[in-house]
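Using our numbering, the letters of the sequence shown correspond one by one to residues -19 to 374.
Idealized CB from N, CA, C, for every residue including glycine.
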Amino acid sequence: MINFETVLQLKSILKQIEDGELDIDLFESVVVPMETKEILLSLIQIHYTEHLFKMETIIEFMDVYEKLTDIKISSIYVSLDDEHPLNVFSRENEHFISLLDTIEQALLKYKSEGTALNISDEMKQLGHLYRHYNRKEKLYFPILERHQVYTMNRKLWEQDDDIKALYSTLKKRLLKLDEIEFRHIEKCFNELKSLFISMMQQETYLFIPLVQALFSEQDYINIDHESDAFGFAIKKGIWQTELKYVKNIESLDDSVNLRMGGGFLTVKEANLILNQLPLELTFIDKRGLFKYFNEITEAKDMMFIRTPLSIGRAVANCHPPKSLPKMMQVLRNLKERKSEKEVMWFKKGNEYIYVTYTAVFDEHDEYMGILEYVQDIQPFFELPTQVKRDVTKY
């Protein structure tokens, strides 16, 4: 919960810092006694919701706080283990900065000396920033939302998407190195590096400190377990922790047959059948909450990666800011029966992904939610014969 009296006090302190007129005695008497979580939530309210003060001012605020208290609020203190999720996250940022510096030096040398530009490996590694941001958006944000933190997440996700777009543009321009003016490549790279550094500052001084103030040991264990589905930008070892990941599986009742469709099934049988369907199923309930997904394969092999941490998340928070309005319109059309179903399809590597959204209504015509089902239809285009009637292994 935001303490707006604290917000007002911090805005006054930040204004002093911005104007170069900080009253250290006032800072010490007002800010130092505050709890870390209270300070962070207030700074996030000021920066992301009220759009006040640049990150440079907030960083200077943090520096003063750390000098006066000896509390390293911007350092990772929950674990010294390099394989802890937050340390991995921070090490990835250091890796990306190193790659950007290497690419920058190569571009400068190419510009001044006309030497060959050999940065394909660095660009490939830099592309792993998708993994870094996906873990943040799909694993950290859901837990922050349980603590009523929303606006920062949306703002960071918007910037993540901008960084991804700039990376994609730079990659395409480098492929046309001999066809376009070098200044276009240089401009794109400079924008990418600038935005990445800005994001790293926000992660270092606001995102990671707030995560440390709010998350439990079990939260980190869940994140560590589910991170493999999205991958990493650096080589990661095993995090040694006393607590272990425990998948929350209740023993499914296999004794009671329930009426389903044209027959009867036990809950266990129904679950096994759903996990055998050649479809990735996702269900959003009538409240707009992500309630279910089936498990036909491991998360890392899914066409649309789903993990347990997203269960219970509002559907509005599950989609990137840029695509959210379109997705919410699709859901409204289905709920209001303006359309029976909505579909889309696209190529992804060797897969041809076909996605269907349909509304679910009960026998009383009451809206129950939205079902999404995803399938790879590429195999249908590769059938060896027009007809196959014999039931044999294929």
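Pick from the options that is closest to residue i, judged by C-alpha positions
i	options	result
residue 274	147, 115, 257	257
residue 279	115, 4, 223	115
residue 43	8, 319, 171	8
residue 144	125, 113, 170	113
residue 35	156, 14, 174	174
residue 249	261, 260, 259, 236	236
residue 316	329, 65, 294, 340	340
residue 12	25, 47, 33	47
residue 354	253, 324, 80, 344	324
residue 281	-8, 206, -16, 162	206
residue 10	-1, 41, 343, 313	41
residue 375	95, 106, 92	This structure does not reach residue 375, given that the chain is present from -19 up to 374, and the question cannot be answered.
residue 149	169, 196, 95	169
For residue i, the residue or residues it bridges with in DSSP
i	result
residue 173	Partner(s): none; residue 173 has no beta bridge.
residue 381	With the chain represented from -19 up to 374, any question about residue 381 goes unanswered, as that position is not in the structure.
residue 240	243
residue 355	334
residue 339	350
residue 345	Looking at the DSSP assignment, residue 345 forms no beta bridge with any residue, so it has no partner.
residue 321	338
Chain-order list of residues whose beta-carbon lies under 8 Å from that of residue i (same chain, five-residue window excluded)
i	result
residue 51	16, 45
residue 201	221, 223, 224, 225
residue 127	194
residue 290	118, 122, 270, 298
residue 209	278, 279, 280, 282, 285, 287
is_contact[residue i, chain D] using C-beta, thresh 9 Å
i	result
residue 255	Of the chains in the structure shown, none is chain D; there is only one protein chain.
Neighbourhood of residue i by C-beta, 7 Å cutoff - its chain only, sequence neighbours within 5 removed
i	result
residue 63	216, 217, 218, 219
residue 3	-4
residue 90	97
Beta-carbon contacts of residue i that lie in its chain and below 6 Å, excluding the five residues immediately before and after
i	result
residue 39	185
residue 22	-14, -13, -10
residue 322	310, 337
residue 171	146
residue 58	192
residue 286	273
Anticipated Cβ contact below 8 Å, residue i with residue j, distance rounded
i	j	result
residue 76	residue 176	6 Å
residue 331	residue 358	6 Å
residue 301	residue 138	5 Å
residue 295	residue 329	Contact flag wrong, Cβ pair sits at about 26 Å.
residue 67	residue 56	6 Å
Closer than 8 Å: residue i CB and nearest the ligand MG heavy atom
i	result
residue 334	Ligands in the displayed structure: none, and consequently the ligand MG is not present.
- Message: Give the list of continuous beta strand (DSSP E) stretches no shorter than 3 residues that lie fully inside the region 192 to 236.
- Response: If only uninterrupted beta strand (DSSP E) runs of at least 3 residues are considered, none is enclosed by the region 192 to 236.
- Message: Report the start-end ranges of each beta strand (DSSP E) in the region -7 to 49 that is 3 residues or longer and not cut off at the edges.
- Response: none
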